[in-house]
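Data block below; observations after.
2 protein chains.
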Amino acid sequence: MSEVEGQREHTASLAHRVPDLAALELLLAVARLGSLGAAAREVGITQPAASSRIRSMERQLGVALVDRSPRGSRLTDAGALVTDWARRVVEAAAAFDAGARALRDRRDSRLRVAASMTIAEYLLPGWLLALHAARPDTAVSLLAGNSAKVAELLLSGEADLGFVEGLSVPTGLDSVVIAHDRLIVVTAPGHPWARRRRPLGAEELAATPLILRERGSGTRQVLDAALGGLARPLIELSSTTAVKASAVSGAGPSVLSELAVGEELSMRRLVSIPVEDVSLRRDLRAVWPKGHRPTGPARELLSLTRG
Amino acid sequence: MSEVEGQREHTASLAHRVPDLAALELLLAVARLGSLGAAAREVGITQPAASSRIRSMERQLGVALVDRSPRGSRLTDAGALVTDWARRVVEAAAAFDAGARALRDRRDSRLRVAASMTIAEYLLPGWLLALHAARPDTAVSLLAGNSAKVAELLLSGEADLGFVEGLSVPTGLDSVVIAHDRLIVVTAPGHPWARRRRPLGAEELAATPLILRERGSGTRQVLDAALGGLARPLIELSSTTAVKASAVSGAGPSVLSELAVGEELSMRRLVSIPVEDVSLRRDLRAVWPKGHRPTGPARELLSLTRG
DNA sequence: CCTCGCTCATAAGACCAGCTTATGCCCTCA
DNA sequence: TGAGGGCATAAGCTGGTCTTATGAGCGAGG
Numbered sequence: 001m002s003e004v005e006g007q008r009e010h011t012a013s014l015a016h017r018v019p020d021l022a023a024l025e026l027l028l029a030v031a032r033l034g035s036l037g038a039a040a041r042e043v044g045i046t047q048p049a050a051s052s053r054i055r056s057m058e059r060q061l062g063v064a065l066v067d068r069s070p071r072g073s074r075l076t077d078a079g080a081l082v083t084d085w086a087r088r089v090v091e092a093a094a095a096f097d098a099g100a101r102a103l104r105d106r107r108d109s110r111l112r113v114a115a116s117m118t119i120a121e122y123l124l125p126g127w128l129l130a131l132h133a134a135r136p137d138t139a140v141s142l143l144a145g146n147s148a149k150v151a152e153l154l155l156s157g158e159a160d161l162g163f164v165e166g167l168s169v170p171t172g173l174d175s176v177v178i179a180h181d182r183l184i185v186v187t188a189p190g191h192p193w194a195r196r197r198r199p200l201g202a203e204e205l206a207a208t209p210l211i212l213r214e215r216g217s218g219t220r221q222v223l224d225a226a227l228g229g230l231a232r233p234l235i236e237l238s239s240t241t242a243v244k245a246s247a248v249s250g251a252g253p254s255v256l257s258e259l260a261v262g263e264e265l266s267m268r269r270l271v272s273i274p275v276e277d278v279s280l281r282r283d284l285r286a287v288w289p290k291g292h293r294p295t296g297p298a299r300e301l302l303s304l305t306r307g
Numbered sequence: 308m309s310e311v312e313g314q315r316e317h318t319a320s321l322a323h324r325v326p327d328l329a330a331l332e333l334l335l336a337v338a339r340l341g342s343l344g345a346a347a348r349e350v351g352i353t354q355p356a357a358s359s360r361i362r363s364m365e366r367q368l369g370v371a372l373v374d375r376s377p378r379g380s381r382l383t384d385a386g387a388l389v390t391d392w393a394r395r396v397v398e399a400a401a402a403f404d405a406g407a408r409a410l411r412d413r414r415d416s417r418l419r420v421a422a423s424m425t426i427a428e429y430l431l432p433g434w435l436l437a438l439h440a441a442r443p444d445t446a447v448s449l450l451a452g453n454s455a456k457v458a459e460l461l462l463s464g465e466a467d468l469g470f471v472e473g474l475s476v477p478t479g480l481d482s483v484v485i486a487h488d489r490l491i492v493v494t495a496p497g498h499p500w501a502r503r504r505r506p507l508g509a510e511e512l513a514a515t516p517l518i519l520r521e522r523g524s525g526t527r528q529v530l531d532a533a534l535g536g537l538a539r540p541l542i543e544l545s546s547t548t549a550v551k552a553s554a555v556s557g558a559g560p561s562v563l564s565e566l567a568v569g570e571e572l573s574m575r576r577l578v579s580i581p582v583e584d585v586s587l588r589r590d591l592r593a594v595w596p597k598g599h600r601p602t603g604p605a606r607e608l609l610s611l612t613r614g
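Chains as they are written, first to last, in this note's numbering: chain W, 1 to 307; chain X, 308 to 614.
Spelled out as structure tokens, the structure:
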């Protein structure tokens, strides 16, 4: 039966083929410390547990990862590669954790951040990790919403620092531009546009039905403004995620923040279509109540975002 | 040691705070399908199992993720954010899986790829995912080594397509440049260089002891060539990973491929120091035995890498 | 030369997390 | 008003993973 099982590999989910996070962290510890036992101590398990965990990982992957010797363990070549790929997974998990933590500690945190969706999704976890590295004892809480909501939270004193993307700064707030974002036209690699030689024109873009966020979203506002209110929806979806999934599946072209599609582009699940004559840049701004310059942890976070 | 180690007191490891991959995949399925039951069917478990898994995830994170109603489940605002962060983790896991799979199927694969370490670590998993999307039935195997090893594998017929980074093309091979890589100078954010106004000059770089890979590595070769063989090592380490860890911990400045430090830069664990008068670009090339133009799956993979 | 100290491996048993099956309630739609 | 889809709860089982206890290889130092 177990040979038949091999055929089902396609259907088995990732979770069955990828070691769990604890195992990946253990592998990183082994790589760094050069010994199973030392790695075991670091992650708080016994040496036999570590030995068995690494061994079952090697079985699962079908590759020898470490060279064990009576005076330590070193990574094999394959192990070095696997460790590096594992590090990416662990880093993504650390970002997840930083975000989730901020989301949970809604109440009594020292630094309460309000951010628009795109920024909260794609940039904030990284900033939080950096902040944690610089000031480990700063507890951050996160509230997400659109620009109006961010302004409201700041003005009512429920948030200390805000981040918005969009064309204008809400009244009553001071701001500084911390980065730029560009909306880009994307399609699945199979779409005819993916093979175009010449950039897309504004009229052609406006004339083509697109997969879009709903009216009122920041992304949609910028696009409508750039095209003069003309964007034709093929489908309207209520989350960036849903829009991406739809575009990846080949339903049609879409316009999305470049922040949102970085991974998809680098993995070639989506391709970017050059556009001319359309300005799809927008500013990302940090904002705070007029006159109340950020201080303390807010200032610290702000300084981290200006890279 | 990393300072993270010091504060292990109540900071349980990531694995205890981040749901496992199966749970994250389930969450993605719920987001996509709008129902716990449907998501459960998709990932091959029963509805109560899914319900309980999501619930324990909400407990673990301390945040409500889905609004359950008698006619389905929708993500809460926080749930939408968490789902997006979860997607990053799952994508990293997918890249891990693609790489590991290629590493395992060393033998009878239809496409045998030989790649230098940097490319194998940072670029290949993404390409493999893209290839898998385009040609799901292509089995790929991966052999990693330095340029000479790649050339040897190609010439002896043990590999169909190779990827190398470096200054020259091994003899006997044809090549095409598929991308460029740049070596960049990085330090921990606390280093004095991080606050420089003016770019670093070549002499200053050559005069400063750096954290480096060992002599003979591709990275080191390029740096030595650019500086005229003058690079002064502060520490010499045998893996990119070790160099990065050392730089992050603040041991000193280092010179690394921008491919290797993307995450560190975006998370601000490292900062990039501008340099002038030094050419640290290098070509990344696909290579194959002279005369034998890639065909079939090799050609397919090649076309994916030229984005 | 022997013993200590480090390494890793193996075996046996305990434990706990998560699954399945079996139900029940709620809501909507025909 | 009954059918169907949606979610929650309860009880029991299974399996993986941990721990403790032990053995064996290798190197350094008295």
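All residues carry an ideal CB built from backbone N, CA and C; glycine is no exception.
Given residue i as reference, the closest of the options once Cα atoms are compared
{"i": "X:P496", "options": "W:G37, W:R55, W:T305, W:D67", "result": "W:T305"}
{"i": "W:L24", "options": "W:W85, W:D137, W:G34", "result": "W:W85"}
{"i": "W:S13", "options": "X:S546, X:A329, X:V325, X:H323", "result": "X:A329"}
{"i": "W:L280", "options": "W:S266, W:L237, W:V255, W:L265", "result": "W:V255"}
{"i": "W:L75", "options": "W:A94, W:A93, W:V90, W:I54", "result": "W:I54"}
{"i": "W:L81", "options": "W:E258, W:L61, W:S69", "result": "W:L61"}
{"i": "W:R71", "options": "W:L33, W:V248, W:G157", "result": "W:L33"}
{"i": "W:S116", "options": "W:W127, W:V150, W:D105", "result": "W:V150"}
{"i": "X:A322", "options": "W:A92, W:S56, W:R68, W:S52", "result": "W:A92"}
{"i": "W:L205", "options": "W:R197, W:G216, W:I184, W:G218", "result": "W:I184"}
Alpha-carbon spacing of residue i relative to residue j, whole angstroms
{"i": "X:R489", "j": "X:R366", "result": "45 Å"}
{"i": "W:E9", "j": "X:A407", "result": "Summary for W:E9: the model assigns pLDDT 39, below 50, so the residue's position carries little reliability; its value from the coordinates is reported in the next sentence. Roughly 13 Å separates the two Cα atoms."}
{"i": "W:E3", "j": "W:R17", "result": "Bear in mind that the predicted position of W:E3 carries a pLDDT of just 34, short of 50, making it unreliable; the figure below should be weighed with that in mind. If you take the alpha carbons of W:E3 and W:R17, they lie about 16 Å apart."}
{"i": "W:A245", "j": "W:P136", "result": "36 Å"}
{"i": "W:G145", "j": "W:T240", "result": "14 Å"}
{"i": "W:L223", "j": "W:L212", "result": "10 Å"}
{"i": "X:V447", "j": "W:L173", "result": "55 Å"}
{"i": "W:E203", "j": "W:V275", "result": "11 Å"}
{"i": "X:E472", "j": "W:H132", "result": "35 Å"}
{"i": "X:V493", "j": "X:S579", "result": "5 Å"}
{"i": "W:S257", "j": "W:A40", "result": "42 Å"}
{"i": "W:A194", "j": "X:E465", "result": "34 Å"}
{"i": "X:E428", "j": "W:E152", "result": "45 Å"}
{"i": "X:V396", "j": "X:D404", "result": "12 Å"}
{"i": "W:P253", "j": "X:R394", "result": "21 Å"}
{"i": "X:A641", "j": "X:R606", "result": "Residue 641 of chain X is absent from the structure shown; chain X starts at 308 and stops at 614."}
{"i": "W:L154", "j": "W:A148", "result": "10 Å"}
{"i": "X:Q314", "j": "X:V337", "result": "Its pLDDT being 36, under 50, X:Q314 is placed unreliably by the model, and the measurement read from it follows with that caveat. Rounded to whole angstroms, X:Q314 to X:V337 spans 36 Å at the Cα level."}
{"i": "W:P294", "j": "W:R220", "result": "30 Å"}
{"i": "W:G291", "j": "W:E214", "result": "34 Å"}
{"i": "X:A441", "j": "X:L608", "result": "10 Å"}
{"i": "W:F163", "j": "W:S217", "result": "15 Å"}
Check: residue i C-beta below 6 Å from any heavy atom of the ligand MN
{"i": "W:P70", "result": "Looking for the ligand MN in the displayed structure turns up nothing, as the structure carries no ligands at all."}
Status (buried if at least 16 other CB within 10 Å, exposed otherwise) for residue i
{"i": "W:L143", "result": "buried"}
{"i": "X:R419", "result": "buried"}
{"i": "W:G44", "result": "exposed"}
{"i": "X:V484", "result": "exposed"}
{"i": "X:S610", "result": "exposed"}
{"i": "W:P192", "result": "exposed"}
{"i": "W:A94", "result": "buried"}
Cβ separation of residue i and residue j, assumed to be a contact under 8 Å, to the nearest whole Å
{"i": "X:A385", "j": "W:L103", "result": "5 Å"}
{"i": "X:R539", "j": "X:P516", "result": "5 Å"}
{"i": "X:Q354", "j": "X:L343", "result": "6 Å"}
{"i": "X:V585", "j": "X:L577", "result": "Rounded, the Cβ-Cβ distance is 19 Å, inconsistent with contact."}
{"i": "X:V550", "j": "X:E571", "result": "Not quite, the Cβ-Cβ distance comes to about 11 Å (not below 8 Å), so this is no contact."}
{"i": "W:T83", "j": "W:L26", "result": "The pair is not a contact, with the Cβ atoms about 11 Å apart (cut-off 8 Å)."}
{"i": "X:L468", "j": "X:W595", "result": "6 Å"}
{"i": "W:L284", "j": "W:A225", "result": "Their Cβ separation, rounded to whole angstroms, is 16 Å, which puts W:L284 and W:A225 out of contact at 8 Å."}
Relative to chain W, which residues along the segment 374-387 of chain X have a C-beta separation below 7 Å, given in chain order? D384, A385, A387
At a Cβ cut of 8 Å, what residues of the segment 266-295 of chain W count as close to chain X, listed as they run along the chain? S266, M267, R268, R269, V271
Please name the residues in the segment 214-244 of chain W whose beta-carbon is closer than 8 Å to at least one beta-carbon of chain X, in chain order. S239, T240, T241, A242
Chain W contacts made by the segment 335-354 of chain X, where a contact means CB separation under 8 Å: A338, R339, V350, G351
Output, in sequence order along the chain, the residues in the segment 187-207 of chain W whose CB is closer than 8 Å to any CB in chain X. P189
Between the segment 77-102 of chain W and chain X, which residues of the former have CB atoms less than 8 Å from a CB of the latter, in chain order? D77, A78, A80, L81, V82, T83, D84, W85, A86, R87, R88, V89, V90, E91, A92, A93, A94, A95, F96, D97, G99, A100, R101
According to a CB-to-CB cut-off of less than 7 Å, which residues of the segment 320-334 of chain X neighbour chain W? S320, L321, A322, R324, V325, D327, L328, A329, E332
Output needed in chain order: residues of the segment 416-439 of chain X with a Cβ under 7 Å from some Cβ in chain W. A427, E428, P432, G433, L436, A437
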